Each structure stands twice: as C-alpha cells, then as structure tokens.
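With positions in the sequence shown counted from 1, the corresponding number in the numbering used here is that position plus 58. We put the beta carbon where it would ideally sit given N, CA and C, even for glycine. Keep in mind that this is a model prediction, so the values were computed, not measured. This report refers to the structure that appears directly beneath it.
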Amino acid sequence: MTVTWFVLLATRSELNIPAPLQIVSGNEYYQGYKSAVDLFKSSLDLTVNPCDDFYQYTCGHAGSAMSFDISDAENTDNMVKQLTNLTYVNSSPSPVKQVAYYFKQCVAARMDWTNIVKSGKMVKDAIDQMAAGESDFANQTQFPFYMFYQKETVKPFPDRIGLGYLLGYPAGAQGSPNLVTPFVDTNWKDPHGTNGYAYYIDQPTTLLPYTYHVKAWDQYQNALLNSVIGNMNAYAKSQGVTLDQKTLAADAASIVNLDHLLALTYSTDDTTRRQFDRSYNPMTIAQLSQTYPKISWHVFVPEAVGAAQHVMQRVLGDPTYKYIVMEPAKLQALHDMLGNETIVSARTIVNYAYYHMVDALADFLPSVTYANARVFIDKIYPTSESRIQMRQNVAKVASSILIGFRSMLDQLDWMTAATKKGAYNKIDNLVKNIGYPDWITNDTQFTTYHNNLNINVNKDDYLTMVSKASAFSLYTTWDSLVAGAANRIDFNGPPGTTNAWYQPELNSITFPAAILHRPFYDPTWPTAVNFGGLGVVAGHELTHGFDDQGVQWDGTGILSGWMDDTSKTAFGKMADCVVNEYNGFCPLNKTTYGTAACLDGAQTQGENIADNGGIHAAYRAYRNFINLYGPDPQLPDDLLQEFTADQLFFLAFSQVWCQTPPPASVMERQILVDPHSPSQYRVWGTIQNFPAFKDAFHCQSTAYAPDKHCDVWVSDIDSSYGEPVVKSELNVRTNNQITTSDIDKYN
Numbered sequence: 059m060t061v062t063w064f065v066l067l068a069t070r071s072e073l074n075i076p077a078p079l080q081i082v083s084g085n086e087y088y089q090g091y092k093s094a095v096d097l098f099k100s101s102l103d104l105t106v107n108p109c110d111d112f113y114q115y116t117c118g119h120a121g122s123a124m125s126f127d128i129s130d131a132e133n134t135d136n137m138v139k140q141l142t143n144l145t146y147v148n149s150s151p152s153p154v155k156q157v158a159y160y161f162k163q164c165v166a167a168r169m170d171w172t173n174i175v176k177s178g179k180m181v182k183d184a185i186d187q188m189a190a191g192e193s194d195f196a197n198q199t200q201f202p203f204y205m206f207y208q209k210e211t212v213k214p215f216p217d218r219i220g221l222g223y224l225l226g227y228p229a230g231a232q233g234s235p236n237l238v239t240p241f242v243d244t245n246w247k248d249p250h251g252t253n254g255y256a257y258y259i260d261q262p263t264t265l266l267p268y269t270y271h272v273k274a275w276d277q278y279q280n281a282l283l284n285s286v287i288g289n290m291n292a293y294a295k296s297q298g299v300t301l302d303q304k305t306l307a308a309d310a311a312s313i314v315n316l317d318h319l320l321a322l323t324y325s326t327d328d329t330t331r332r333q334f335d336r337s338y339n340p341m342t343i344a345q346l347s348q349t350y351p352k353i354s355w356h357v358f359v360p361e362a363v364g365a366a367q368h369v370m371q372r373v374l375g376d377p378t379y380k381y382i383v384m385e386p387a388k389l390q391a392l393h394d395m396l397g398n399e400t401i402v403s404a405r406t407i408v409n410y411a412y413y414h415m416v417d418a419l420a421d422f423l424p425s426v427t428y429a430n431a432r433v434f435i436d437k438i439y440p441t442s443e444s445r446i447q448m449r450q451n452v453a454k455v456a457s458s459i460l461i462g463f464r465s466m467l468d469q470l471d472w473m474t475a476a477t478k479k480g481a482y483n484k485i486d487n488l489v490k491n492i493g494y495p496d497w498i499t500n501d502t503q504f505t506t507y508h509n510n511l512n513i514n515v516n517k518d519d520y521l522t523m524v525s526k527a528s529a530f531s532l533y534t535t536w537d538s539l540v541a542g543a544a545n546r547i548d549f550n551g552p553p554g555t556t557n558a559w560y561q562p563e564l565n566s567i568t569f570p571a572a573i574l575h576r577p578f579y580d581p582t583w584p585t586a587v588n589f590g591g592l593g594v595v596a597g598h599e600l601t602h603g604f605d606d607q608g609v610q611w612d613g614t615g616i617l618s619g620w621m622d623d624t625s626k627t628a629f630g631k632m633a634d635c636v637v638n639e640y641n642g643f644c645p646l647n648k649t650t651y652g653t654a655a656c657l658d659g660a661q662t663q664g665e666n667i668a669d670n671g672g673i674h675a676a677y678r679a680y681r682n683f684i685n686l687y688g689p690d691p692q693l694p695d696d697l698l699q700e701f702t703a704d705q706l707f708f709l710a711f712s713q714v715w716c717q718t719p720p721p722a723s724v725m726e727r728q729i730l731v732d733p734h735s736p737s738q739y740r741v742w743g744t745i746q747n748f749p750a751f752k753d754a755f756h757c758q759s760t761a762y763a764p765d766k767h768c769d770v771w772v773s774d775i776d777s778s779y780g781e782p783v784v785k786s787e788l789n790v791r792t793n794n795q796i797t798t799s800d801i802d803k804y805n
C-alpha cells in the first residue's frame, strides 16, 4: 500500500516548500495508480459543486451497475474460467469435480430451459413427496393439495400431528417454512457450552415481507394474488390439467388473506425485534407441548430438520434440551386461532403449506457455496504466498480501523468508564475473518466437509443435482446442532460474494475474498483510496458491533448487554438523531407512494449508524496510517493530481455507491424491505454528519454540509483543566487516604 520510491520534483513554491511527490511509470505501483484514475474518471461529474451534491459530483457519469454488481460479475467470470479449465478440474479434489459437472449441466439445461422445465418435475416431486405423509401417521399427515386437486374432499382441520407435519415438512424438505419458522443460530446466552448452537422457533414466514403488508398492501395485494394464480396455472399446464378459474381465484384469495393476517396479527415488527433479549425464551419439548398443545412438536422438530436426522438424539433424545421460542406471545395467539375455521379453514391451511413450496421452487437454482469458493480462491490466489500476502495486507487495514474506532470511544464524553470497559472488550476480542476459511484450501478437510454432497459426476441430470444441492445445504445448516461450542471463526457466508459482514453472536467481522479487489481495494492504490473504499466498509461492519443490536452482545458473542443505563440513555439520543434525520429523506412522491415515499429511519437505523461511525473510524485510521508511513504521491493525471489525499478518501467512499438512478418501483421496494438506505442517501446522510468532509472540500454551510448535524460515535473534546476527576468504574466516591501528615491523628 505504501509506495517505496517516487520522483520528488525540484519545483518549490514561493514559500520554499517542496512540491508533492509524483509517481513514475517504472514504479511497481504505477499501474495501480492509473487504475484509480480510470475509476474516478469513469464516474466524476466535475460540473457539479461537491458541496451541493457530492453524490452527483462523484457518480454523475457512472454506469448502471454499482460497485458490488461490477465486482460480482468479475468474480463470476473468474469462477467460470476456472470451472471450464479441465487441467485444473481434473487435478482437484472430488467436490470441485462435482461443482464443475454441476456447472456444465446447468449451462446445458439453460440452453434448453423450456424443455427442461415444461414437465414441472421439481414442483411435482415436492408436492407428491409431501402428500405421501408419514407412514406411521398416514391418516393424520396425508393431505391432498386442494388448490391443485380441486375436487378432492376436504378433510377435517388437521389435528396436532397433522399441524406438526404441515408446518415442519416444507421447512425441512424445501427450506420453505410457513406458519412457524425454525432455524439454527448460536446459543445466544451460552455459545461456548456443549450446546453452542440452538434450535430456534420463530414467527411466520410470509409470502410478502412484513413491511409490504403494513405500508403498501393496497399496491401489492393484487400483485400477490396474480402471482399465486399465475404460478398455479403454470404448474397445472405442465401437468396437462385445466383448473377451474373460479375455484382457483377463491383459493388464491384465501392464501393472500392468510398471508396478510399472519403479518398483521401474528408477527412482530422488525424494530421491536431488534431487542434480542426479549426473543430468547428457552423451553423444553415438554413445555412446548404443554403451552402449545395444538401442534405436535415431536413431529414438527424432526420434520423441520429434513435429512439431518442424526441431530435428533441431541434435541429430542434429551428431555432437558432447550428450544428458543422467539415470539411466545405471538405463537400463543397463532396457536389459539388454529382450528377456528371462521378465521382460517382447513382447506386454506393445507393450501398455504403446499403453496409455500411452489413459491420457493419458482427459482430452484441453489448454489454449492464452499465448493464454488474453493474454485474461486484457487483462481484469484493460486499460491500460498499470494494468500498470505492478501490476508496480511487486509488485516493491517482492519487493525487500523479498530485503532481508529477505539480512539473514538476514548473521546466519548457520554459513555461511562464501566461501559467503555465492555466496549474495549469487544474490540480486543473481535475475530477477523479474511479471504476464506482455512479448511477450504486443505484437500482432506475440504473433501470431508462435502461427504454428504451425493452428486454423481457424469450420471446425475441437472434437476437431480439441484435437489441434492438444496438438501446438502439444509443438512449442513442443521448439522451445527451437534457441533459443540460455537465456532467463532465460522465465515457463515461464501468467499465468492461481494460483501462484508459483522456477526454479533460471534463478535466477528468477515471480509470474503470477493470484496478484496477493485473497485474496493488494491494493494497498489493510494492509501486514501483504499481506506475510503474497503476501509469504510470495514469501519461500517465494525460499527455494527456497537449499534442498537450490537451492544446487546459481549466480546465473545454472548447475549449480555454491557452498556449501563446512563450510557444507554445517551446512546438512545444519538440513535434518535440519526432516525429523525433519515426520516426526512423522501426519494419518492408522497402523494403517489404515501408512507413508502420516505425512508424509515427506525428500520434503517442500524445501517445508518454503521455508515456514520464507519467513516469516522476509517478516516482516523487513514490519517494514522499516513502519519506512520508517510504521504503517497499524487495521482498520475494532469487534472486529478490536484485532488488532495483527504479528497481522494471521500471520493473513494462515494464511488463505491455509484449507480444510475433506479426506477421508482425499485426504490419503493428498497424503502419497504431493505435495512439499508438507498445509495445516494448513504453518501448524503454520512457526509452531512462529518465536518472533515466540509474541511476537505472547503464547503460553507449547505444542505449536505450543514453546521447542525448528528454526532455519531463522536463527541466534543473535553475542555476541563486542573486536577482530573477520576471516577471508579462503580461511580462510587473513594474513601480518603491516610497521608504522612495524619500520623499523629491516627496513631
């Protein structure tokens, strides 16, 4: 990152100060600097005043794709090249051969896609397998898909065994939960114990996201109805069946109404659910059965884990095993409603369970995550030396961000000493995952991980492999229930995806290999550009450890709040400022879109706080870095060389979010469901709260460089003087100490 030699121009100013360093064409970093010039020139609109609209200034001439999309396309291209390299594939371990064959068959299938899908095989198999029920409880678990078999006599409302099956089977077989959502996560309050992972039971998974039901139901009700009818007619056509459209419309309307009911009445809003402690409610299987007796949990639990039946000895074989119920009050209300056919009929309950699978299979292209990852890593980092160098370079950036954020904590005047101790503990214990999990490049461990991926190379057809890949993915998810203590170095995501993430339940920050290149990072770029790009991404993810959700978890991933009441109150004021500020951003017309016209500051607060805190941390890290290693030379361009390093930092930050303005429909969807603010508001909202931007671009008070703003994870510098008042962590005044002058008094 630091350039080792440059040309120092002899030219001096009238102040007798040497001119800035210039990089020359023979330097090993020259091409990297030229690529940074090309990156900025591709999007800059220099006709715009950066103080009035910095996003337009940076992104006015950008293409349609955002940096993340450009990176994903490049990553995909790298994987395709490697998967079609027979020399590489033939010398690779078995899982790589499997994924290469999977890819080859996928390409062939896509070339003949109309014929491949015309039989409706994937959907038919899923429906038939669910209709078969469980042999031990055939009469109680065999339900026809009334929506498709329209003339079948409707059976009585499912009993407890039937409900356990209808709610559990789709989740385990197809990963499509319905009225109750099972999943695996770390055991939030005991991640380091023998049961480091837990079986969670959550609220309904609806066909439309919760916010659509709450904020935009009038606009999307008919769209959902038409989608249900369209999917069912398409499936019926594949089976040579003509459905009665009046009956189909009635069934579809019942499904849509149930989806709306589940969202409004039996689900909790996302803002409330940001408080994790309220969602941690352990119950044994006996307690579940006693509290919610209309559902057989002895049926639901094994059905929901699908093929991973080996975990049953752990979760059902031990009567003291604790399941975590996320929304006990909502589950109680849902439970009490079941069987009341004036609210939801037996026909609708069965149809809803089946249709969830049909909906899930509308796009049945799951990926084999880590097999792809090995191919990707082998392509972009072919030697152990290149992998080590990449990790060391990125680790230095990440560590610099940690130091920058720690200095921000030091300066906070609203955080007590005891709370700062908890915050420092999070920083000191943070796991940094960089590039890829180590086991991916170990042939033995890599092959062992994929033992249950039963793809038969040169034998299986594409649809068979899709089913096997999906089953393998579900199996590995539930398998963690028997893994023991939580694995804090688990990536929990594919190295081939352009992203980065913070996991509070592990207190880990992960930078997959896919984001560790242009347009986010290049080891030959100027320091300011790397810290403005990848550095701000790193700062963003780190700050998640200290947002309204992150502060609920300690340094090793235990759900244990470390912020005292005094600090919580001050934190709440800081968060409220951000919420109110972003509530004022309205990308769409209020008359047309109503409440969906403006950003939801509460919904996006975690990401907005992370954006704001992250850029502060990255900027401090960048300044510390050049203070230690010295300045970088100017960009090798007659015009862009005029940018200062500070200006390059902000340009790199904004450039990450460049894209052409999205259509109103896309913007509406993002406002409704995305916890992130739209791209331009991620830039505007962040720089307006950072006076360093005003300083870098010499801005007076403007809309996006205002005097009044939110201070996010920063506060004014202490102005006290004289002898410091040092409070104990308990905030209790210490006793007076005996001194030598007190000898006679106490002798």
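Might you give, ordered along the chain, the residues of its own chain that have their beta carbon closer than 7 angstroms to the beta carbon of residue 452, omitting 5 neighbours on each side? Correct list, in chain order: 492, 569 and 574.
What's the gap between the Cα of residue 601 and the Cα of residue 113? Taking the straight line from one Cα to the other gives about 23 angstroms.
Please go through the same chain and pick out, in chain order, the residues whose beta-carbon is closer than 6 angstroms to the beta-carbon of residue 737, but skip the five residues on each side of it. Excluding residues within five positions, the ones whose Cβ falls inside 6 angstroms are 715 and 717.
Would you tell me roughly how many angstroms separate the C-alpha atoms of residue 330 and residue 260, rounded to the nearest one? In this structure, the straight-line span from the alpha carbon of residue 330 to that of residue 260 is close to 14 angstroms.
Is residue 693 near the ligand MN, judged by its Cβ being under 7 angstroms from some heavy atom? For the ligand MN, the structure offers nothing, since it holds no ligand at all.
Exposed or buried, which one is residue 76 when buried takes at least 16 other CB atoms within 10 Å? That one is exposed.
Put residue 569 into one of helix, strand or coil per three-state DSSP. Strand, per DSSP.
Quick one: Cα of residue 597 to Cα of residue 456, how far? Taken atom to atom, the span from the alpha-carbon of residue 597 to that of residue 456 is near 8 angstroms.
Buried or exposed: which applies to residue 423, given that a residue is buried once 16 or more other Cβ atoms fall within 10 Å of its Cβ? Its pLDDT being 32, under 50, residue 423 is placed unreliably in this model, and the value from its coordinates should be taken loosely. Around the beta carbon of residue 423, fewer than 16 other beta carbons lie within 10 angstroms, which makes this residue exposed.
What span of residues does the beta strand (DSSP E) with residue 239 cover, start to end? Taken as a continuous stretch (DSSP letters only), the beta strand (DSSP E) holding residue 239 covers 239-244.
Could you check the C-alpha separation between residue 512 and residue 433 for me, to the nearest Å? Taken atom to atom, the span from the alpha-carbon of residue 512 to that of residue 433 is near 19 angstroms.
Look at the Cβ atom of residue 363, then the Cβ atom of residue 611, and state whether they are nearer than 8 angstroms. Contact annotation: residue 363 and residue 611 have beta-carbon atoms that are not nearer than 8 angstroms.
Are the CB atoms of residue 747 and residue 638 nearer to each other than 8 angstroms? Cβ distance not < 8 angstroms, so residue 747 and residue 638 don't count as in contact.
So what does DSSP say about residue 402, is it helix, strand or coil? In this structure, DSSP gives residue 402 a state outside helix and strand, which the three-state scheme calls coil.
Length of the line joining the Cα atoms of residue 499 and residue 151: Rounded to the nearest whole angstrom, the CA to CA distance from residue 499 to residue 151 is 10 angstroms.
Are there 16 or more other CB atoms within 10 angstroms of the CB of residue 608, so buried, or fewer, so exposed? The residue is buried, with at least 16 neighbouring Cβ atoms inside 10 Å.
What does DSSP give as the partner residues of residue 489 in its beta bridges? For residue 489, which the question treats as bridged, DSSP gives the partners 566.
I'd like the span of the alpha helix (DSSP H) that includes residue 159, first residue to last. Counting along the chain, the alpha helix (DSSP H) containing residue 159 begins and ends at 152-169.
How about residue 238 and residue 262: do their beta carbons lie closer than 8 angstroms? In contact: residue 238 and residue 262 (Cβ atoms closer than 8 angstroms).
When the Cα of residue 586 is compared with those of 632, 92, 531 and 683, which residue comes out closest? Measuring from the Cα of residue 586, the nearest candidate turns out to be 683.
Alpha carbon to alpha carbon, how far is residue 420 from residue 366? Give it in angstroms, no decimals. Rounded to the nearest angstrom, the two C-alpha atoms are 25 angstroms apart.
Residue from 129, 472, 159 and 463 with nearest C-alpha to residue 632: That would be 472, whose Cα lies nearest to the Cα of residue 632.
CB-CB length for residue 539 against residue 369, believed under 8 angstroms: With a contact defined as Cβ atoms closer than 8 angstroms, residue 539 and residue 369 qualify at about 4 angstroms.
Span separating the alpha-carbon of residue 78 from that of residue 706: C-alpha separation (whole angstroms): 15 angstroms.
In three-state terms, what does DSSP make of residue 763? Assignment of residue 763 by DSSP, reduced to helix, strand and coil, places it in the strand class.
Could you tell me which residues DSSP pairs with residue 617 in its beta bridges? Under the DSSP definition of a beta bridge, residue 617 partners with 611.
Using a Cβ-Cβ cut-off of 6 angstroms (strictly less than) and excluding sequence neighbours within five positions of residue 253, which residues of its own chain qualify? Excluding positions up to five away in sequence, the list reads 245.
Quick check: what's the CA-CA separation for residue 155 versus residue 149? Rounded to the nearest whole angstrom, the C-alpha separation of residue 155 and residue 149 is 9 angstroms.
Please list the terminal residues of the continuous beta strand (DSSP E) segment that includes residue 754. Looking at the DSSP string, residue 754 is not in any beta strand (DSSP E); the run it does join, the alpha helix (DSSP H), is 749-755.
Does residue 508 pass the burial test, meaning 16 or more other C-beta atoms within 10 Å, or should it be called exposed? Per the 10 Å Cβ criterion, buried.
Look at the Cβ atom of residue 255, then the Cβ atom of residue 541, and state whether they are nearer than 8 angstroms. Less than 8 angstroms separates the beta-carbon of residue 255 from that of residue 541.
Please state if the CB of residue 408 and the CB of residue 201 are separated by a distance shorter than 8 angstroms. Yes. Within cutoff.
By a C-beta neighbour count over all protein chains shown, 10 Å radius and 16 as the cutoff for buried, is residue 808 buried or exposed? The question about residue 808 has no answer here: the residues shown for the chain are numbered 59 through 805.
Limits of the alpha helix (DSSP H) - the one that residue 204 falls within: Segment: none, residue 204 is in no alpha helix (DSSP H) and carries neither H nor E.
Taking buried to mean at least 16 other C-beta atoms within 10 Å of its own C-beta, is residue 640 buried or exposed? Buried: at least 16 other Cβ atoms inside 10 Å.
Less than 8 angstroms separating the beta-carbons of residue 619 and residue 484? No. Outside cutoff.
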